[in-house]
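Student:
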Ligand code: AVI
């Protein structure tokens, strides 16, 4: 991605910041969590005792990788949204037969570059077509000069839960277009469970999630002309039963005014900034959510039904491509 494109992505995000902080109630886009420090904090979260999703999803992937890979099948062009989920993507790269190529899509050009460099040295036989883009908006795939049979989008981590159901449907609509006929989606979906387990996962004892939440303000300070004092905010998160979601907020500890790009944002004591929703679904709720765009072909879960990995297919199926041009390419490379 060139410098200009990167600037456009930044400008888009920061106009969302200004809009969110001038709204009532206030909110911030959760993609702003992921600057360098925020990404490192998220890695830390994913190793916490209380945060069950990452390790459970990895367990489900490991236990079922053969079946997943054979369902995806030969000639797959694998597109990962939010690249570099390390162990998980490696399981797919290692196991999908005759993979036609891998397209990591990430909003951070720098993160993408690092991931691609590492993966290229580990998987010299796989063609990688990186795309720096904000996948929450419309995006176009890069030119793929490899023959392939079908596309499979990989969207792990239950990041779908960070969209509202309405946004999730809009996202699924766009992804189903990218998948096209014969395409599929492998998606991680966190499941509804007892409230205590859910709330513990977003209120860990060590305060890593609190630091992750507060870092969004530091990130804004680093990128915009603003003077948030993170000492004057506190982390608050809870499971909203009625809406079926975890909500993360930052609460202003006092009355204060914060400078933001030439204007002043006023906070009352106790006023909140909503920073994230994390929706949790039952399997039925999720099937309904996707039903306009995908059929749920297979659901894998762990023993305790904490998390699921699901294989969704575009409903309109065409006949398999019998000439299999991707195969010669894969075989030529000694797959
Ligand atoms: C990335 N996403 C799926 C995480 C979640 O669980 O919703 C982000 C997160 N927020 C707090 N902890 C983790």
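Residue numbers (this note's numbering): 70 to 404. Beta carbons: idealized from backbone N, C-alpha and C, even for Gly.
I think residue 197 touches residue 210, with their Cβ atoms under 8 Å apart; what is that distance to the nearest whole Å?
Tutor: Along the chain shown, one-based indexing puts residue 197 at 128. Along the chain shown, one-based indexing puts residue 210 at 141. Wrong, their Cβ atoms sit about 13 Å apart, outside the cutoff.
Student: Just how far apart, CA to CA, sit residue 128 and residue 353?
Tutor: Within the chain shown, numbered from 1, the residue matching residue 128 stands at position 59. Within the chain shown, numbered from 1, the residue matching residue 353 stands at position 284. Their backbone Cα atoms lie some 22 Å apart in a straight line.
Student: Looking at C-alpha atoms only, which residue of 114, 101 and 186 is the closest neighbour of residue 279?
Tutor: Residue mapping note: residue 279 aligns to position 210 of the chain shown, counting from 1. Looking at the Cα atoms, 114 is the closest of the given residues.
Student: Can you determine whether any heavy atom of ligand 1 sits closer than 7 Å to the C-beta of residue 122, and answer yes or no?
Tutor: Position 53 of the chain shown holds residue 122. Under cutoff, so the answer is yes.
Student: Use the C-beta contact count for residue 366: other C-beta atoms within 10 angstroms, 16 or more gives buried, fewer gives exposed.
Tutor: On the chain shown, position 297 is the one that residue 366 refers to. With fewer than 16 other Cβ atoms within 10 Å, it is exposed.
Student: Counting only the same chain and skipping the five closest in sequence on each side, list residues whose C-beta sits under 6 Å from that of residue 252.
Tutor: Position 183 of the chain shown, counted from the start, is the residue given in the question as residue 252. For residue 252, where only same-chain residues beyond five positions count, the Cβ hits under 6 Å are 219, 220 and 383.
Student: DSSP three-state call for residue 402: helix, strand or coil?
Tutor: As a first step, residue 402 is located in the chain shown; it is residue number 333 there, counting from the start. Reliability fails at residue 402, whose pLDDT of 48 lies under 50, so the model's placement of it is uncertain and no value is given.
Student: Report the three-state DSSP secondary structure of residue 91 (helix, strand or coil).
Tutor: Counted from its first residue, the chain shown places residue 91 at position 22. It is coil, neither helix nor strand.
Student: Does residue 214 pass the burial test, meaning 16 or more other C-beta atoms within 10 Å, or should it be called exposed?
Tutor: Residue numbering aside, residue 214 sits at position 145 when the chain shown is read from its first letter. Per the 10 Å Cβ criterion, exposed.
Student: Among 103, 360 and 82, which has the Cα closest to the Cα of residue 48?
Tutor: Residue coverage of the chain in this structure runs from 70 to 404, which leaves residue 48 outside it and unanswerable.
Student: What are the start and end residues of the beta strand (DSSP E) that includes residue 419?
Tutor: No answer is possible for residue 419: it lies beyond the span of the chain, which begins at 70 and ends at 404.
Student: Alpha carbon to alpha carbon, what distance is there between residue 170 and residue 194?
Tutor: To locate residue 194, count along the chain shown from 1; it is residue 125. To locate residue 170, count along the chain shown from 1; it is residue 101. Rounded to whole angstroms, residue 194 to residue 170 spans 9 Å at the Cα level.
Student: Rounded to whole angstroms, what is the Cα-Cα separation between residue 378 and residue 238?
Tutor: The residue given as residue 378 occupies position 309 in the chain shown. The residue given as residue 238 occupies position 169 in the chain shown. Distance between the alpha carbons of residue 378 and residue 238: 18 Å.
Student: If you reduce the DSSP assignment to three classes, tell me which class residue 158 lands in.
Tutor: On the chain shown, position 89 is the one that residue 158 refers to. Three-state result, residue 158: helix.
Student: What would DSSP say about residue 170, mapped onto helix, strand or coil?
Tutor: Your numbering for residue 170 matches position 101 in the chain shown. In the structure shown, residue 170 sits in a strand (DSSP, three-state: E or B).
Student: Look at the alpha carbon of residue 333 and the alpha carbon of residue 343, and state the distance between them as a whole number of angstroms.
Tutor: Numbered from its first residue, the chain shown carries residue 333 at position 264. Numbered from its first residue, the chain shown carries residue 343 at position 274. Each residue's alpha carbon lies about 19 Å from the other.
Student: Assign residue 167 to buried or exposed, taking buried as 16 or more other Cβ atoms, counted over all protein chains shown, within 10 Å of its Cβ.
Tutor: Within the chain shown, the letter at position 98 stands for residue 167. With 16 or more other Cβ atoms within 10 Å, it is buried.
Student: Kindly examine ligand 1 and report whether one of its heavy atoms sits closer than 7 Å to the Cβ of residue 114.
Tutor: Your numbering for residue 114 matches position 45 in the chain shown. Yes.
Student: Locate the alpha helix (DSSP H) running through residue 269, then write down its first and last residues.
Tutor: Working through the chain shown from its first residue, we reach residue 269 at position 200. First-last of the alpha helix (DSSP H) with residue 269: 264–270.
Student: Among 261, 325 and 151, which one has its Cα closest to the Cα of residue 178?
Tutor: For the purposes of this step, residue 178 is identified with residue 109 of the chain shown, where counting begins at 1. Among 261, 325 and 151, the Cα nearest to that of residue 178 belongs to 151.
Student: By the 10 Å Cβ neighbour count, where 16 or more other Cβ atoms means buried, how is residue 402 classified, buried or exposed?
Tutor: On the chain shown, position 333 is the one that residue 402 refers to. In this prediction, residue 402 has a pLDDT of 48, which is less than 50 and means its spatial position is unreliable; what the coordinates show is noted afterwards. Label assigned to residue 402: exposed.
Student: Is residue 326 close to ligand 1? I mean its beta-carbon at under 7 Å from any heavy atom of the ligand.
Tutor: The count along the chain shown starts at 1 and reaches residue 326 at position 257. Residue 326 Cβ: outside cutoff for every heavy atom of ligand 1.
Student: One question on the structure: do residue 226 and residue 126 come within less than 8 Å of each other, judged by their Cβ atoms?
Tutor: Along the chain shown, read from residue 1 onward, the residue named residue 226 stands at position 157. Along the chain shown, read from residue 1 onward, the residue named residue 126 stands at position 57. Yes, the pair counts as a contact, with Cβ atoms nearer than the cut-off.
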